[in-house]
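Numbering (my numbering), first residue to last: 1343 to 1645.
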């Protein structure tokens, strides 16, 4: 099951060629979602729960450098009232960040501290586009891209592909010594129109985390798909993730953010730490749509 979007390559059914690249011969069954690969993972998980298959390959790809990401993401807005205004993902995120400041929930310094920590976490991540020690003070001196967002508060434009193998029961145990089990997974959405919701909160993340089983025990780490620095603050509050939880040890989407794969990569990063024995319970999250409109949360555990 795959996830991608035709808007990046600019041609219909572009995912068909990707199946050829897998060299899956003979292909058994293939399905596709016009979304981040994390939602393809959800579809594959549902199919595994049916019991008629025991393995599934989930993959996604996104070559964001092929076009103008702001122009492409403007196309997800209302075609009559919002698209003509030219509102893109950065402009919408700036409205959200300003709403947080106006509500007294965060400051620009908070945003800078989130960005600095994520890129410091990414130092050992070979797939990160931006990593290293960054000064909070220097970030706060950067010019605005769209006030109050500065360059360091926004994600890089990245190209990548990702793949995960799902398996059930004994089949999983035969494939790896220490499987990362999906104990719960759920996704919820909110109204599409920005004026119909409080942009400083994320009730869909709260509900998805609850339904996935977050309240049934803590987690050692959380990989959050928060492309903009302020969105991590929203998600942490929405899911009740305290200071004892390691957030984005990989660097998250602020270190590398390719469209259609960044969410699936959050699953891979969370699972890899369970497979390596460095975590016992982890949360993986992905978002879709404008300003955290649609959120998926899963709880992964070590056997």
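Each residue gets a CB set at the ideal place from its N, CA and C atoms; glycine is no exception.
Would residue i be called buried (16 or more neighbouring beta carbons within 10 Å of its own) or exposed?
i	result
residue 1586	exposed
residue 1404	buried
residue 1445	exposed
residue 1391	exposed
residue 1497	buried
residue 1451	exposed
residue 1558	exposed
residue 1600	buried
residue 1489	exposed
residue 1629	buried
residue 1376	exposed
residue 1373	exposed
residue 1359	exposed
residue 1645	exposed
residue 1423	exposed
residue 1591	buried
residue 1486	exposed
residue 1407	exposed
residue 1607	buried
residue 1355	exposed
residue 1378	buried
residue 1538	exposed
residue 1569	buried
residue 1565	buried
residue 1615	buried
residue 1417	exposed
residue 1427	exposed
Quick check on residue i: does DSSP put it in helix, strand or coil?
i	result
residue 1349	coil
residue 1501	strand
residue 1431	helix
residue 1476	coil
residue 1570	coil
residue 1454	helix
residue 1395	coil
residue 1510	coil
residue 1489	coil
residue 1356	coil
residue 1417	coil
residue 1411	helix
residue 1484	coil
residue 1424	coil
residue 1445	coil
residue 1382	helix
residue 1470	coil
I'd like to confirm the pairing. Which residues does DSSP put opposite residue i in its beta bridges?
i	result
residue 1404	1502
residue 1634	Paired residues: none, contrary to the question.
residue 1462	DSSP, once it has assigned bridges, lists no residue as partnering residue 1462.
residue 1436	Partner(s): none; residue 1436 has no beta bridge.
residue 1642	1524 and 1624
residue 1344	1374 and 1401
Since residue i contacts residue j with CB under 8 Å, what's their CB separation in whole angstroms?
i	j	result
residue 1632	residue 1536	7 Å
residue 1567	residue 1636	No, residue 1567 and residue 1636 are not in contact; Cβ-Cβ is about 11 Å, not under 8 Å.
residue 1617	residue 1520	6 Å
residue 1381	residue 1504	Incorrect: roughly 13 Å between the Cβ atoms, too far for contact.
residue 1506	residue 1357	Contact flag wrong, Cβ pair sits at about 17 Å.
residue 1576	residue 1542	7 Å
residue 1627	residue 1638	7 Å
residue 1551	residue 1581	4 Å
residue 1563	residue 1612	7 Å
residue 1412	residue 1394	Not confirmed; about 43 Å, so no contact.
residue 1596	residue 1461	6 Å
residue 1598	residue 1470	5 Å
Can you list the beta strand (DSSP E) stretches of 3 or more residues lying completely in the stretch 1517-1547, in chain order?
Listed in chain order, they are 1522-1531.
Tell me the start and end of each unbroken alpha helix (DSSP H) in the stretch 1555-1631 that is at least 4 residues and wholly inside, in chain order.
Complete alpha helix (DSSP H) runs here, min 4: 1571-1581 and 1604-1617.
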